[in-house]
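Read through the structure below, which is laid out as structure tokens, and then see the notes.
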Amino acid sequence: MEEEKIIFCKSGGCTAKLGAGVLEHILEKLPKGEKDPNLLVGYDSKDDASVYRLTDDLAMVQTLDFFPPVVEDPYTFGKIAAANALSDIYAMGGEVRTALNIVCFPEQMDLNVLGEIMRGGAEKVQEAGGSLSGGHSIADDSVKYGLSVTGTVHPDRIWQNNTGRVGDLLILTKPLGTGILCAAHRVGEENPGGFQKAVESMMTLNKYASETARKYNIHACTDVTGFSFLGHLHEMMESGVSCHIWADQIPVFPGAVEAAEEFLITAAGQRNRNHLEQHVIFKDIPFGMQEVLFDPQTSGGLLMAVDAVDAEKMQRKLLEQGIPAAIVGKITEPAGTEIYVTQSRKW
Amino acid sequence: MAEMEKKTVNAMGDVCPVPLVKAKNAIAELAGSGKVEVLVDNEIAVQNLEKMAQQKGYGFLVKEKKEKEYHVEFTVSETEPAETEEKTVCLVPAAKKTKLVVLSADHMGEGAEELGKILMKSFLYALTQQDELPDTILCYNGGAKLTCEGSESLEDLKDLAARGVEILTCGTCLNFYGITEKLQVGSVTNMYDIVERMSSADRVIKP
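Quick note, the sequences are listed as chains A and B, same order.
According to our numbering, the stretch in the first sequence is residues 14 to 360, in order.
According to our numbering, the stretch in the second sequence is residues 7 to 213, in order.
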């Protein structure tokens, strides 16, 4: 097959997401209809996926996600888009069952490119233990790909995102900086090592982190995607708690802070900053790191609120499996400001 | 004085980080000092450009020309961080400063205790009259009595709490004085939290 590069869209991956502010405005105006008691997680919360109870011990988890290319290579893009879509099931503590392809593709483009994208996606669904059971495609002027995924979970073991407790430690399972590194790559100023690491990480399923975490006391979980680390953390604090974040504990891809200091930053990152700034106090956090914390992530890691007794044991287990998990902060009693970011953990 | 060198960069239709990269390159091409005007079509790009100006200490001016056309001007000076005569349009709000009040006793200052108690009462009343309220009031040791039944400042503290001031009392202290059940305002905290808050506050006020 001739190597054909995907027409590069202006903003790929989760940087293409609409801002949270815009969405809230629309969602709150939608007619809701009568409440179905079996809909355990839905529009009322800003969770990662919806959960519907089928029987007392079985609930269905549904999510979908698709976006424009983040990388030139179609096969790699397929893997990243699929890993990103599947992640919402893992963020709810569920298992992947079936997946449907979502495809937008220009008619005049080489269909082999689409084949490569879908091959990458199918391999990830297979790795997740799910069955690819169909899909839908439309002709469009730019490439977009993703999955609609159905999973299952026990109704008593759903990981919601806003049920963390005071004293819980926060564990993050992938480094930050994919948005900045992809932006740097797009303008040809990247640090090659860092970009390659980010690509590897974006292709990695959150399955393994989720499965390991299920053996411990997880009070809340979400995955870090377009709204950035601080954005998803903000959703986690929605129940009225606050948190302290220790910047020097946060894993970041090599070169991401430096790229941000060179202003290789995205519009989505600035939208995140505008939306979240009022909830965050930075204590001596340099500009580059602030930008990383607002950086939209594509196929980011899980962010979990873990019982303090379990956190270190769980982190060790994750590290043994090669998952770069880090304890990045702690949930506190409600404070004047929701999120305090300090340079380091005081003790 | 010689005319300042001025460059114009068109970044209409470009998506970040492209406008920033174009601006950076144009600034690099200036012979030390001068002005760079950047044309962009959205406000988010303007905000990103402003962050760059702030970080680099460039003068920054934005003149919105038309609906989807913004002209942003950087002034770069060789020596000091640039200070333009034109007014800087501030789009990015400054980070909020945290103000913490620490009450470590039920009286204010050393000397006659009776006087100290009167002073503390009027301090807390005066605090309610300030335009800019503290974010948090931390009470420990004898200060724990101020948030409990029998305190003459309860009304003022409740007023502050209702206006968004977070009031926290040390749990160990409530326990020690046997007044845990008598707490009337705010919530209980611990030493870890007290230390974090005292060290992360921008200002700590101790009467």
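From the three backbone atoms N, C-alpha and C, an ideal C-beta is built for every residue, glycine too.
DSSP on B/Tyr64, reduced to helix/strand/coil?
For this step, residue 64 of chain B is matched to residue 58 along the second sequence. B/Tyr64 falls in the coil class under three-state DSSP.
Tell me which residue opens and which closes the alpha helix (DSSP H) that B/Ser206 is part of.
Here the question's residue 206 of chain B lines up with position 200 in the second sequence. Where B/Ser206 is concerned, the enclosing alpha helix (DSSP H) stretches over Met197 to Ser206.
Using the beta-carbon count (16 or more within 10 Å), is A/Glu351 buried or exposed?
Residue mapping note: residue 351 of chain A aligns to position 338 of the first sequence, counting from 1. Looking at its Cβ environment, which holds 16 or more other Cβ atoms inside 10 Å, A/Glu351 is buried.
In chain order, what are the residue ranges of uninterrupted beta strand (DSSP E) at least 3 long that sit wholly in the region 204-237 of chain A?
231-236
In the structure shown, what three-state DSSP assignment does B/Lys72 receive?
As a position in the second sequence, residue 72 of chain B is number 66, starting the count at 1. It is a strand residue.
What separation, rounded to the nearest whole angstrom, lies between the Cα atoms of A/Asp69 and A/Pro50?
By 1-based counting over the first sequence, the position of residue 69 of chain A is 56. By 1-based counting over the first sequence, the position of residue 50 of chain A is 37. Approximately 12 Å between the Cα atoms of the pair.
Delimiting residues of the alpha helix (DSSP H) encompassing A/Ile115
Mapped onto the first sequence, residue 115 of chain A falls at position 102. Counting along the chain, no alpha helix (DSSP H) covers A/Ile115; the unbroken beta strand (DSSP E) around it starts and ends at Glu108 to Phe118.
Any Cβ of chain A within less than 7 Å of the Cβ of B/Cys179?
Taking the second sequence and counting its residues from 1, one reaches residue 179 of chain B at position 173. For B/Cys179, the answer is no, since every Cβ of chain A falls outside 7 Å of its Cβ.
At 8 Å on the CB atoms, spell out the chain A contacts of B/Glu172, in chain order.
On the second sequence, position 166 is the one that residue 172 of chain B refers to. Correct list: Pro347, Ala348 and Gly349.
Which value, in whole angstroms, describes the spacing of the CA atoms of A/Leu332 and A/Ala338?
For this step, residue 332 of chain A is matched to residue 319 along the first sequence. For this step, residue 338 of chain A is matched to residue 325 along the first sequence. So the two alpha carbons sit approximately 6 Å from each other.
Using a Cβ cut-off of 7 Å, which residues of the region 21-39 of chain B contact any Cβ in chain A, in chain order?
Val21, Cys22, Pro23, Val24, Leu26, Val27 and Lys30
Verify whether the separation of the beta carbon atoms of A/Gly190 and A/Phe266 is less than 7 Å.
For the purposes of this step, residue 190 of chain A is identified with residue 177 of the first sequence, where counting begins at 1. For the purposes of this step, residue 266 of chain A is identified with residue 253 of the first sequence, where counting begins at 1. Their beta carbons are under 7 Å apart, which means A/Gly190 touches A/Phe266 by this criterion.
Mind checking A/Gly206: buried by the 16 CB within 10 Å criterion, or exposed?
Here residue 206 of chain A is taken as the residue at index 193 of the first sequence, counted from 1. Flag for A/Gly206 reads exposed.
For chain B, is any of its Cβ atoms less than 7 Å away from the one on A/Gln283?
Translated into the one-based positions of the first sequence, residue 283 of chain A becomes position 270. Closer than 7 Å: yes.
Going by C-alpha distance, which of A/Leu53, A/Asp60, A/Leu52 and A/Val305 is nearest A/Asp236?
Counted from its first residue, the first sequence places residue 236 of chain A at position 223. It is A/Asp60.
Is the Cβ of B/Ser206 closer than 7 Å to any Cβ of chain A?
Position 200 of the second sequence, counted from the start, is the residue given in the question as residue 206 of chain B. Interface residue, yes.
In the structure shown, what three-state DSSP assignment does B/Lys13 receive?
Along the second sequence, one-based indexing puts residue 13 of chain B at 7. Here B/Lys13 sits in strand by DSSP.
Nearest to B/Ile50 by CA position, among B/Gly38, B/Gly65 and B/Glu75, is which residue?
By 1-based counting over the second sequence, the position of residue 50 of chain B is 44. Nearest option by C-alpha distance: B/Glu75.
Taking Cβ-Cβ distances shorter than 7 Å, what residues in chain A pair up with B/Ala51?
Here residue 51 of chain B corresponds to residue number 45 of the second sequence, with the count starting at 1. Within chain A, the residues near B/Ala51 are Ala280.
Judging by CA-CA distance, which residue of A/Ile93, A/Leu160 and A/Glu41 is the nearest neighbour of A/Thr76?
Indexing the first sequence from 1 puts residue 76 of chain A at position 63. When each option's Cα is compared against that of A/Thr76, the closest is A/Leu160.
Please report the straight-line C-alpha distance between A/Ile294 and A/Leu99, rounded to a whole angstrom.
In the first sequence, residue 294 of chain A corresponds to position 281, counting from 1. In the first sequence, residue 99 of chain A corresponds to position 86, counting from 1. When rounded, the distance between both Cα atoms is 33 Å.
So that I know if they touch, is there some Cβ in chain B lying closer than 7 Å to that of A/Tyr158?
Numbered from its first residue, the first sequence carries residue 158 of chain A at position 145. No, no contact with chain B.
Listed by chain order, chain A residues near B/Met58 by CB distance under 8 Å
Working through the second sequence from its first residue, we reach residue 58 of chain B at position 52. Here the neighbours are Phe276.
Presumed contact (8 Å Cβ cut-off) between A/Thr89 and A/Gly133, rounded CB distance
Here residue 89 of chain A corresponds to residue number 76 of the first sequence, with the count starting at 1. Here residue 133 of chain A corresponds to residue number 120 of the first sequence, with the count starting at 1. Contact holds; Cβ gap of about 6 Å.
Is it a yes or a no for the region 151-160 of chain B touching the region 176-188 of chain B, going by three-plus beta-carbon pairs under 8 Å?
Result yes; three or more Cβ-Cβ pairs closer than 8 Å.
What residue range is occupied by the uninterrupted beta strand (DSSP E) comprising A/Leu71?
Position 58 of the first sequence, counted from the start, is the residue given in the question as residue 71 of chain A. Segment Leu71 to Phe80, the beta strand (DSSP E) holding A/Leu71.
Give the secondary structure of B/Phe5 by DSSP, where H, G and I count as helix, E and B as strand, and everything else as coil.
Outside the shown range of chain B (7 to 213) lies residue 5 of chain B, about which nothing can therefore be said.
Is it a yes or a no for the region 267-280 of chain A touching the region 238-248 of chain A, going by three-plus beta-carbon pairs under 8 Å?
no
So which residues of chain B does A/Val200 contact, with C-beta pairs closer than 8 Å?
By one-based count along the first sequence, residue 200 of chain A stands at place 187. Neighbours of A/Val200 on chain B, chain order: Pro23, Val24 and Val27.
Any residues in the region 183-202 of chain B with a beta carbon nearer than 7 Å to a beta carbon of chain A? Which ones, in chain order?
When C-beta distances to chain A are compared with 7 Å, the residues of the region 183-202 of chain B below that value are Ser193, Thr195, Asp199, Val201 and Glu202, in chain order.
Close beta carbons around B/Ala111, own chain, < 6 Å, minus the five adjacent residues each side:
Looking up residue 111 of chain B in the second sequence gives position 105. If we look at B/Ala111 and ignore the five residues flanking it on each side, its Cβ neighbours are Gly148 and Gly149.
Cβ of A/Gly314 within 7 Å of Cβ of A/Leu185?
By 1-based counting over the first sequence, the position of residue 314 of chain A is 301. By 1-based counting over the first sequence, the position of residue 185 of chain A is 172. For A/Gly314 and A/Leu185, yes; Cβs fall inside 7 Å.
A/Gly244 lies in the alpha helix (DSSP H); which residues open and close that run?
Residue mapping note: residue 244 of chain A aligns to position 231 of the first sequence, counting from 1. Looking at the DSSP string, the run of the alpha helix (DSSP H) that includes A/Gly244 is Ser241 to Met249.
Run the CB neighbour count on A/Ser357, radius 10 Å, all protein chains shown included, and call it buried at 16 or more, exposed below.
The sequence position of residue 357 of chain A within the first sequence is 344, counting from 1. A/Ser357 is exposed by the Cβ-count criterion.
Check whether the region 221-232 of chain A and the region 283-299 of chain A are in contact - that is, three or more C-beta pairs closer than 8 Å.
Contact check between the region 221-232 of chain A and the region 283-299 of chain A: fewer than three CB pairs, one atom from each, fall below 8 Å, which does not count as touching.
6 Å Cβ shell around B/Lys28 - same chain, five flanking residues per side excluded
Position 22 of the second sequence, counting from 1, holds the residue named residue 28 of chain B. Taken in chain order, the residues that qualify are Val15 and Ala17.
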